[in-house]
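Participant: The sequence shown runs 1 to 287 under my numbering.
Using N, Cα and C, we set each Cβ at its ideal position, and we do this for glycine too.
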Amino acid sequence: MELTEIKNPTFGACRGGMCEKHGAFVSKCGGFGEWTDCPRCLERDVTCEKHGTFVSEHLFPSETYACWTRCQKCAEEERLKSQETQKRQMREQHIASLVRAASIPDRFYPKTLADYKTTTDGERVALSVAKNYVEEFADHLAAARCLVFCGCLGTGKTHLACAIAKSLAQSGRPTRYFTVQELIRSLRATWGRPTSEASETESRLLQRLGALELLVLDEVGVQFGTEAERTQLTEVMDLRYRDMKPTLVVSNCEREELKKYLGDRIVDRLRENGGKFVIFDWPSRRV
Ligand SMILES: [Zn+2]
Ligand SMILES: [Zn+2]
């Protein structure tokens with residue numbers, strides 16, 4: 001072995017080395033005047049149970065350490081796996097935040113489409129419309145196709161509407177449940193602040209409402225409300241329409257009452273592009 005001498009070497013200093021078998025190599029100073037030998041002379045064949053034989057290198061080619069490189073394929077597999085785990089965790093966090101943001105009432109939160117028991121034809125139709133709305137949502141969204149559940153109290157309208165919203169949120173789609181009263185309250189909560197700030201906040205809320213892939217509006221027409229309330233509701237419905245986003249309207253009113261409450265123009269829009277009215281006209285399911 002030929003070596004170029006370095007005077008007073010410090011730890012990590014390098015010098016050229018020459019191995020009879022493998023030729024030139026870089027020799028490092030390990031301190032205490034100790035220099036590393038030809039790294040290739042220190043290689044050895046190791047067998048990985050999964051990937052077969054590979055060359056393991058002495059990682060710190062000095063006498064003081066015995067550290068050998070592991071199977072690179074195993075290392076790469078582990079790296080990819082941990083990357084995937086990280087991605088999955090991020091996705092799960094994102095989904096959990098979408099489900100939280102959907103604001104489904106506690107009473108309906110655990111309910112799913114599968115929980116919706118059907119005994120009458122009407123219930124079976126309602127369930128199949130709800131299932132189709134979730135399964136084909138990409139199409140319904142593209143067509144801004146709305147859905148209206150209206151009819152008697154206790155027939156499971158809110159159950160189905162919440163199950164739709166939750167399923168969509170779980171598949172990564174931003175949705176939000178509101179009763180009309182909650183919606184009006186949220187909009188009004190942005191008032192009473194300094195004008196410039198308030199208008200900005202209200203417009204931000206409207207912007208968020210416009211960005212939702214599905215807005216569920218429950219208890220539409222529970223009470224006729226003031227003219228101002230109806231104006232606000234109309235504003236939100238117009239915004240959704242303009243932004244080509246669907247709304248699921250839930251109401252205890254009959255169709256004609258709903259027309260009176262929302263106005264012909266909005267009801268017509270709810271039916272556009274094949275928007276469905278599902279009439280819940282069977283007896284109450286609540287015992
Ligand atoms: Zn060598
Ligand atoms: Zn391996």
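#1: Using alpha carbons as the reference points, say which of Gly154, Val148, Val134 and Gln93 lies closest to Arg285.
#2: Rounded to whole angstroms, what's the CA-CA distance from Lys166 to Asp139? Just pull it up for me.
#3: Apart from the five residues just before and just after Tyr177, which ones in its own chain have a Cβ nearer than 8 Å to its Cβ?
#4: Measuring only from the beta carbon, is His58 closer than 7 Å to any heavy atom that is part of ligand 1?
#5: Take Ile95 as the anchor and find which of Ala169, Arg44 and Gln181 has the nearest alpha-carbon.
#6: Using only CA atoms, which one of Pro283, Val267 and Phe11 lies nearest to Lys146?
#7: Counting only runs of 4+ residues fully inside the stretch 203–283, write out the alpha helix (DSSP H) ranges in chain order.
#8: Write down every uninterrupted run of the alpha helix (DSSP H) in the stretch 131–175 whose length is 4 residues or greater and which is fully enclosed by it, in chain order.
#9: Mark Cys38 as exposed unless 16 or more other C-beta atoms lie within 10 angstroms of its C-beta, in which case mark it buried.
#10: Determine the closest residue to Ile184 out of Leu42, Thr118 and Ala228, with distance taken between C-alpha atoms.
#11: Could you check where the alpha helix (DSSP H) with Cys14 kicks off and where it finishes?
#12: Rounded to the nearest angstrom, what separates Arg255 and Asp264 at their Cα positions?
#13: Would you mind working out which of Gly30, Arg91, Gly31 and Ser56 sits nearest Arg173, comparing C-alpha positions?
#14: Can you tell me whether Ser186 is helix, strand or coil according to DSSP?
#15: My understanding is that Glu202 touches Leu212, with C-beta atoms under 8 Å, so please give their C-beta distance in whole angstroms.
#16: Can you tell me where the alpha helix (DSSP H) with Thr85 in it begins and where it stops?
#17: Per DSSP, Phe25 forms a beta bridge with which residues?
#18: Measuring from the CB of Lys50, is there a heavy atom of ligand 2 at a distance below 7 Å?
#19: With a 10 Å radius around its C-beta and 16 neighbouring C-beta atoms as the bar for buried, classify Thr158 as buried or exposed.
#20: Who are the Cβ neighbours of Lys50 in its own chain at under 7 Å, not counting the five residues just before and after it?
#21: Applying the 10 Å Cβ sphere with the 16-neighbour rule, what's the burial state of Met244?
#22: Cα separation between Thr175 and Thr120?
#23: So Val148 and Phe277 are in contact, right, with Cβ under 8 Å, and what is the actual spacing, rounded?
#24: For Pro9, which residues from the same chain have a beta carbon less than 6 Å from its beta carbon, with the 5 sequence-adjacent residues on both sides left out?
#25: Classify Arg240: buried if its beta carbon has 16 or more other beta carbons within 10 angstroms, exposed otherwise.
#26: Quick check on the burial criterion: 16 or more other C-beta atoms within 10 angstroms. Buried or exposed for Phe32?
#27: Taking 7 Å as the cut-off, is the C-beta of Lys73 nearer than that to any heavy atom in ligand 2?
#28: Have a look at Ala114 and Asp45 and give me their C-alpha separation to the nearest angstrom.
Facilitator: Walking through what the data contain:
#1: Arg285 has its Cα closest to that of Gly154, out of Gly154, Val148, Val134 and Gln93.
#2: One C-alpha to the other measures close to 18 Å.
#3: Result list for Tyr177: Ala102, Ser103, Ile104, Pro105, Ala161, Cys162, Ala165, Val216 and Asp218, in chain order.
#4: No, ligand 1 has no heavy atom inside 7 Å of this Cβ.
#5: Shortest Cα-Cα distance from Ile95 to any of Ala169, Arg44 and Gln181 involves Ala169.
#6: One point to set straight first is that residue 146 is Cys, not Lys, in the sequence displayed. When only C-alpha atoms are compared, the closest one is Val267.
#7: With a minimum length of 4 residues, the continuous alpha helix (DSSP H) runs that stay inside the stretch 203–283 are 227–242, 255–262 and 264–270.
#8: Under the rule that a run must span 4 or more residues, the alpha helix (DSSP H) segments found entirely inside the stretch 131–175 read 137–142 and 157–170.
#9: Answer is buried; the Cβ neighbour count reaches 16.
#10: Of the listed residues, the one whose Cα sits closest to Ile184 is Ala228.
#11: The continuous stretches of alpha helix (DSSP H) do not include Cys14, which lies in the beta strand (DSSP E) extending over residues Cys14 to Cys19.
#12: Cα to Cα, Arg255 sits roughly 11 Å from Asp264.
#13: The closest CA to that of Arg173, considering only Gly30, Arg91, Gly31 and Ser56, is found on Arg91.
#14: Secondary structure of Ser186 (DSSP, three-state): helix.
#15: So it is not a contact: roughly 16 Å between Cβ atoms.
#16: Counting along the chain, the alpha helix (DSSP H) containing Thr85 begins and ends at Gln72 to Ala101.
#17: Per the DSSP secondary-structure output, Phe25 pairs in a beta bridge with Gly17.
#18: It does: the Cβ of Lys50 is within 7 Å (strictly closer) of some heavy atom of ligand 2.
#19: Label assigned to Thr158: buried.
#20: Taken in chain order, the residues that qualify are Cys74.
#21: So Met244 counts as exposed.
#22: Cα to Cα, Thr175 sits roughly 29 Å from Thr120.
#23: Under the criterion of beta carbons closer than 8 Å, Val148 and Phe277 qualify as touching, at roughly 5 Å.
#24: Within the same chain, Pro9 has close Cβ partners Cys29.
#25: The residue is buried, with at least 16 neighbouring Cβ atoms inside 10 Å.
#26: Exposed, since its Cβ has fewer than 16 Cβ neighbours within 10 Å.
#27: At least one heavy atom of ligand 2 lies closer than 7 Å to the C-beta of Lys73.
#28: Ala114 and Asp45 have their C-alpha atoms some 57 Å from each other.
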